[in-house]
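I have placed the structure first, in the form of structure tokens, so that the comments after it can refer back to it.
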Amino acid sequence: MAETRALRALGLIVLVALLALPAVAHFAKDPAWISLVTRMLIYAIAAVSLDLILGYGGLACFGHAAFYGLGGYTVAILFHHARSSEVLWGLIPGSTQFLVTVPAAMLVGGVVAAAIGALSLRTAGVQFLMITLAFAQMLFFLFSSIATYGGNDGMTVRRRNEMPGLDLRDDTVFYYLVLALLLLALWAGRRLVRSRFGMVIGGIRQNERRMAAIGIDTYRYKLAAFVIAGMGGALAGALMVNHARFVSPDMMHWTKSGEFMVMVILGGAASLIGPVLGAVTLVGLEDLLGQIPKWGEHRMFAIGAILVLVVLFGKGGLWGWIARRLSRGGDG
Amino acid sequence: MAEPLLRAIDLVKAFGGLMATDHLSLDVGEGEVHALIGPNGAGKTTIVGQLVGELRPDSGRIEFAGEDLGALSPPARLLRGLARTFQISQLLLDDTAADNVALAVQARAGHSFRFWRDARADPRLRDEARRHLVDVGLGAVADRRAADLSHGQHKQLELAVALASRPRLLLLDEPMAGLGPTETQAMIGLLAGLKGRVTMLLIEHDMEAVFALADLVTVLASGRLIASGPPARIRDDPLVRDAYLGDGDA
Amino acid sequence: MLNLAVEQALNGLQLGVTLFLLAAGLTLIFGIMGVINIAHGSLYMIGAFFCAATLAATKSFLLALLAGIGGAALAGMLMEMLVMRRLYARDHLDQVLATFGLSLCVNEAFSIVFGQRPLYVDIPPWLAGSVEVVAGVPYPTYRLAIVVVGLLVALGLYLLISHTRIGMLVRAGSTHRDMVRALGVDVRLLYTLVFGLGALLAGLAGLMAGPVYTVQVGMGEQILILTFVVVVIGGLGSIRGAFLAAMIVGLVDTALRAFVPPWLKTFMEASAADALGGGLSSLGIYLLMALVLLVKPRGLLPAHG
Chain A
1 MAETRALRAL GLIVLVALLA LPAVAHFAKD PAWISLVTRM LIYAIAAVSL DLILGYGGLA
61 CFGHAAFYGL GGYTVAILFH HARSSEVLWG LIPGSTQFLV TVPAAMLVGG VVAAAIGALS
121 LRTAGVQFLM ITLAFAQMLF FLFSSIATYG GNDGMTVRRR NEMPGLDLRD DTVFYYLVLA
181 LLLLALWAGR RLVRSRFGMV IGGIRQNERR MAAIGIDTYR YKLAAFVIAG MGGALAGALM
241 VNHARFVSPD MMHWTKSGEF MVMVILGGAA SLIGPVLGAV TLVGLEDLLG QIPKWGEHRM
301 FAIGAILVLV VLFGKGGLWG WIARRLSRGG DG
Chain B
1001 MAEPLLRAID LVKAFGGLMA TDHLSLDVGE GEVHALIGPN GAGKTTIVGQ LVGELRPDSG
1061 RIEFAGEDLG ALSPPARLLR GLARTFQISQ LLLDDTAADN VALAVQARAG HSFRFWRDAR
1121 ADPRLRDEAR RHLVDVGLGA VADRRAADLS HGQHKQLELA VALASRPRLL LLDEPMAGLG
1181 PTETQAMIGL LAGLKGRVTM LLIEHDMEAV FALADLVTVL ASGRLIASGP PARIRDDPLV
1241 RDAYLGDGDA
Chain C
2001 MLNLAVEQAL NGLQLGVTLF LLAAGLTLIF GIMGVINIAH GSLYMIGAFF CAATLAATKS
2061 FLLALLAGIG GAALAGMLME MLVMRRLYAR DHLDQVLATF GLSLCVNEAF SIVFGQRPLY
2121 VDIPPWLAGS VEVVAGVPYP TYRLAIVVVG LLVALGLYLL ISHTRIGMLV RAGSTHRDMV
2181 RALGVDVRLL YTLVFGLGAL LAGLAGLMAG PVYTVQVGMG EQILILTFVV VVIGGLGSIR
2241 GAFLAAMIVG LVDTALRAFV PPWLKTFMEA SAADALGGGL SSLGIYLLMA LVLLVKPRGL
2301 LPAHG
């Protein structure tokens, strides 16, 4: 019981800190903080969605960046067409409305995830890992080659999307919107993993043969989880393009998929808080190391080394470590 | 005479040059306990694989309740009432005993595309799961993690999970394997209690259990049926004695 | 037209053998130890860099060759002893993440030492120039040499696997690890050596590719993903499959690159056709892999069972 109380207290402190952040940043005359934490929270959404299949479902997906990038491109392309008033494929008009573009991004992410998942989930283990990687690469090359949307160089989105009643161009407002969406995603995720569906997904991770033996057609459930994860990834991408006002194929680069996996494992897979911690830590670490004069550009050396050490010697990631601490404290 | 519940007709399955199942036919009547015995390597596991749909026979067919099972997948066969236990327990070790059974109840109750309500708080799942656990003598450990249970308890939990599917036929793959004498007795007692309520195909090494439970015994050696009949007759069959003495572990 | 086809076929073979050298190591290591190594691309890069740096320092092609393959093999064995050894019992996800970290680390170390600028490597003078493969089709001697070396290595691997004790262990595969132990083989040493062999092949591929492409940080990752495709198409753990798939991928990739952009130009504006053609031909290989897996989820020539 002491454990849950300590957790609640900790959670409350973090929440208050997050709510107070813009005010503090303004007071410290360092508004870059808001942007940094916004990025952390967006990555957290991507990592949490990946964790649904990677952590809870035990499916090693190495292509999550594909959905992240698709979400981003959906927002950017809709913006592009709204600006040029060209109708896409003679069918889809552009839009700059947040409430249109973001659901559209999630729809695209979900549909493509259904297609990729339907094929990839015929395989398992390492093959699954490699085929998801390959599909992500396909999309990476596809978007690299479309000159209309900037090809290799990507394209800028000159303004954030609009939303009635909210001025999203204000970084603070946008920050609160992202925070709200992350909290919403965590709440929905919590319901999801405890639902009947979530029990099935957890069962598939532990023993797929058992699930088949009790009459569960595991393929359909894995596919559904894959689609939900894809939609989550697309949401994160849509937010990131709004935040950075820029999209490029780099959003789909395989190292981005790797980073998402790192966030999940570093923070603690098969938990909801773990991936958030992982995203915050990785983005924070990169930012911090990047500020070291002269050596900052070589920060990936340290990050790579940390990653190797965490995988070799860390059990259950950061969240596992915190949970163990807390339960030890609870015993004493 | 009534149609048998399960019919295996002229099954053949070979792995490379090895005939694992050699033109085997087998009937299991409704309400019966039919034991399938044979020395190691006789091909029992291969039969189980074909019956539950994890392996495809090279030829022959399997009928259940008059329906040709054809290429139906294991989940589809379960939903028609063919449940199985595993020789080597396949449990969800991170979950509690109750969760293991509740999932089977949930799977039987229909699709699991329910994303919102807390499954563990659902009395329909919880109460029935608990009943099955009590039935197999695990009522006291319902909330323990499966990983923390003993080997004997794993075997009981396997049985509870299978029962939660409310099968018409229960395929028991060596339920006594690795059990001590007292645990074996307890398992025999459990299965005897189920006799008459559910049809059973019992794959077993333990002769005591087979002779205590079975109505009919089929003996397998090198993938072939060498004898089939009531327990008393099988016990005295010279062919069976040969097969077992040859193997040296009976 | 025929000349172009012959030339492109040779280019395809050259890419194919390069991919095979990488894929053979990757699939060998997977087949025996059951690990997946994202840092395999780094070994390719190590081979190329060691070779280029030695050549620049000593002007000796022989020393450069030895430094390239020796350096890669040593780096591979070091990698095995320090990191991989602890990963054999882990799941594939842990293996991927640890070796991903390793590749970040190695790449950054090389960019610290050698900088970001690409190195250019000369072709040994006795391999410069070109030969006429078919009448009227001159082809660079060096590229032809790559094909020959690659095919010889493939033959060597075939003999190694079908006629030696190591080969038997490979064929027994990772599922029979206990059997291998029971035979009294020093498994730890064996694993280190197998890893060294895989690294050596990767290094060889890297150093040979040096003069054709450029030697720079990140060169390993580009080709690594293509190697994954090869390994998956061929069937994980299968060397024969890797060879077949490497040839298919090499030829298809080269053909797409050679023929798609010109075809697009017949109805598109040139620069857009180049961009789109480049993308589509890169994408083709992945499409091929998806198709193969649809028909044969375990690859063309699966290793066991």
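Residue numbers (our numbering), protein chains in the order written: chain A, 1 to 332; chain B, 1001 to 1250; chain C, 2001 to 2305. Even for Gly, the Cβ is constructed at its ideal location relative to N, Cα and C.
- [ ] Compute the beta-carbon to beta-carbon distance between residue 68 of chain A and residue 225 of chain A, rounded to the nearest angstrom, for a pair I have assumed lies under 8 Å.
- [x] No, residue 68 of chain A and residue 225 of chain A are not in contact; Cβ-Cβ is about 17 Å, not under 8 Å.
- [ ] Just list the beta strand (DSSP E) runs in the stretch 224 to 287 of chain A, keeping only unbroken ones of 3 residues or longer that don't cross its boundaries, in chain order.
- [x] Complete beta strand (DSSP E) runs here, min 3: none at all.
Task: Burial state of residue 2095 of chain C, where buried means 16 or more other Cβ atoms lie within 10 Å - done: The residue in question, residue 2095 of chain C, is buried, as its Cβ has 16 or more Cβ neighbours within 10 Å.
Open item on the list: For a test of the three-state rule: what should DSSP assign to residue 80 of chain A, helix, strand or coil?
Closed with: Collapsing the DSSP output to three states places residue 80 of chain A in a helix.
- [ ] Can you tell me which of the three DSSP states residue 2140 of chain C falls into?
- [x] Three-state result, residue 2140 of chain C: strand.
Open item on the list: Counting only C-beta atoms, is residue 1087 of chain B closer than 8 Å to chain A at any point?
Closed with: Closer than 8 Å: no.
Task: C-beta neighbour in chain C for residue 212 of chain A, strict 8 Å - done: Proximity of residue 212 of chain A to chain C, defined by a Cβ-Cβ separation below 8 Å, is not satisfied.
Open item on the list: If you reduce the DSSP assignment to three classes, tell me which class residue 332 of chain A lands in.
Closed with: The predicted model places residue 332 of chain A with a pLDDT of 37, which falls under 50 and marks its position as unreliable; any figure quoted below should be read in that light. Here DSSP, grouped into helix, strand and coil, assigns residue 332 of chain A to coil.
TODO: Buried or exposed for residue 319 of chain A, please, with buried defined as at least 16 other CB atoms from any protein chain shown within 10 angstroms of its CB.
DONE: When all chains shown are included, residue 319 of chain A counts as buried.
- [ ] Using alpha carbons as the reference points, say which of C/2015, C/2127, C/2291 lies closest to residue 122 of chain A.
- [x] Looking at the Cα atoms, C/2291 is the closest of the given residues.
TODO: Measure the Cβ-Cβ separation of residue 1087 of chain B and residue 1148 of chain B and say whether it is below 8 Å.
DONE: For residue 1087 of chain B and residue 1148 of chain B, no; Cβs fall outside 8 Å.
Task: Whether residue 162 of chain A touches residue 98 of chain A by CB criterion (8 Å) - done: Yes; because the gap between Cβ atoms is below 8 Å, this pair is in contact.
TODO: Mind listing the chain C neighbours of residue 135 of chain A? Cutoff is C-beta to C-beta under 8 Å, in chain order.
DONE: Against chain C, the beta carbon of residue 135 of chain A has neighbours under 8 Å at 2286, 2290, listed in chain order.
TODO: Determine the chain C residues that contact residue 206 of chain A at a beta-carbon separation under 8 Å, and present them in chain order.
DONE: Listed by position along chain C, the residues whose Cβ is nearer than 8 Å to that of residue 206 of chain A form an empty set, because the closest Cβ is around 13 Å away.
TODO: Output yes or no for whether 8 Å exceeds the beta carbon distance between residue 2205 of chain C and residue 2031 of chain C.
DONE: Contact flag unset, no.
Task: Residues sharing a beta bridge with residue 155 of chain A, DSSP - done: The partner list for residue 155 of chain A (beta bridge, DSSP) reads A/247.
Task: Where residue 1074 of chain B meets chain A, residues with beta-carbon distance less than 7 Å - done: Residues of chain A passing the Cβ test: 212, 213.
- [ ] Please confirm if residue 254 of chain A has its CB atom under 8 Å from at least one CB of chain C.
- [x] For residue 254 of chain A, the closest Cβ of chain C is nearer than 8 Å.
Task: Opening and closing residue of the beta strand (DSSP E) in which residue 1024 of chain B lies - done: Taken as a continuous stretch (DSSP letters only), the beta strand (DSSP E) holding residue 1024 of chain B covers 1018 to 1028.
Open item on the list: Does any residue of chain A have a CB that is nearer than 8 Å to the CB of residue 1255 of chain B?
Closed with: No information on residue 1255 of chain B is available, as it lies outside the stretch 1001 to 1250 that chain B covers here.
Task: Exposed unless 16 or more other CB atoms sit within 10 angstroms - verdict on residue 2216 of chain C - done: Result: buried.
Task: Nearest to residue 71 of chain A (by Cα), restricted to the options A/40, A/85, A/112, A/51 - done: Of the candidates A/40, A/85, A/112, A/51, the one whose C-alpha sits nearest the C-alpha of residue 71 of chain A is A/112.
Task: Closer than 8 Å to chain B by CB, residue 248 of chain A - done: Chain B, which has no Cβ nearer than 8 Å to the Cβ of residue 248 of chain A, makes this no.
Open item on the list: For residue 46 of chain A, tell me which candidate among A/211, A/299, A/185, A/254 has the shortest Cα-Cα distance.
Closed with: For residue 46 of chain A, the nearest C-alpha among the options comes from A/185.
Open item on the list: Quick check for students: name the residue ranges of the alpha helix (DSSP H) that lie wholly in the stretch 2018 to 2078 of chain C, counting only runs of 4 or more.
Closed with: If we require 4 residues or more, the alpha helix (DSSP H) runs fully inside the stretch 2018 to 2078 of chain C come out as 2040 to 2058.
Open item on the list: If you measure between the beta carbons of residue 1230 of chain B and residue 1216 of chain B, is that distance less than 8 Å?
Closed with: The beta carbons of residue 1230 of chain B and residue 1216 of chain B sit closer together than 8 Å.
Task: Within chain B, the residues that residue 56 of chain A reaches when beta carbons sit closer than 7 Å - done: The premise fails here: residue 56 of chain A is roughly 11 Å from chain B at the closest Cβ pair, so nothing lies under 7 Å.
TODO: Could you tell me whether the stretch 1193 to 1200 of chain B touches the stretch 1105 to 1115 of chain B, where touching means 3 or more Cβ pairs closer than 8 Å?
DONE: Counting Cβ pairs under 8 Å, fewer than three are found: no touch.
Task: Supposed close pair residue 2017 of chain C, residue 2159 of chain C - CB separation, criterion 8 Å - done: Residue 2017 of chain C to residue 2159 of chain C, Cβ: 17 Å. No contact.
TODO: Please report how far the alpha carbon of residue 2106 of chain C lies from the alpha carbon of residue 2042 of chain C, in whole angstroms.
DONE: Distance between the alpha carbons of residue 2106 of chain C and residue 2042 of chain C: 7 Å.
- [ ] Please classify residue 2305 of chain C: does DSSP put it in a helix, a strand, or coil?
- [x] For residue 2305 of chain C, the pLDDT reaches just 43, beneath the cut-off of 50, and the residue's location in the model is therefore unreliable, although a value from the coordinates is still provided. Correct three-state label for residue 2305 of chain C: coil.
Open item on the list: Counting only Cβ pairs nearer than 8 Å, list the residues of chain A close to residue 2020 of chain C.
Closed with: Proximity of chain A to residue 2020 of chain C at the Cβ level (cut-off 8 Å) is not reached, the minimal Cβ distance being about 17 Å.
Task: For residue 2167 of chain C, the three-state DSSP class (helix, strand or coil) - done: Looking at residue 2167 of chain C - three-state DSSP - the assignment turns out to be helix.
Open item on the list: As a quick exercise: from C/2084, C/2036, C/2103, C/2054, pick the residue whose alpha carbon is nearest that of residue 2192 of chain C.
Closed with: Considering only alpha carbons, the answer is C/2084.
Open item on the list: Helix, strand or coil, according to DSSP, for residue 1204 of chain B in the structure here?
Closed with: Here residue 1204 of chain B sits in coil by DSSP.
TODO: Select from B/1061, B/1054, B/1090 the residue whose C-alpha is nearest the C-alpha of residue 1076 of chain B.
DONE: Cα-wise, what sits closest to residue 1076 of chain B is B/1054.
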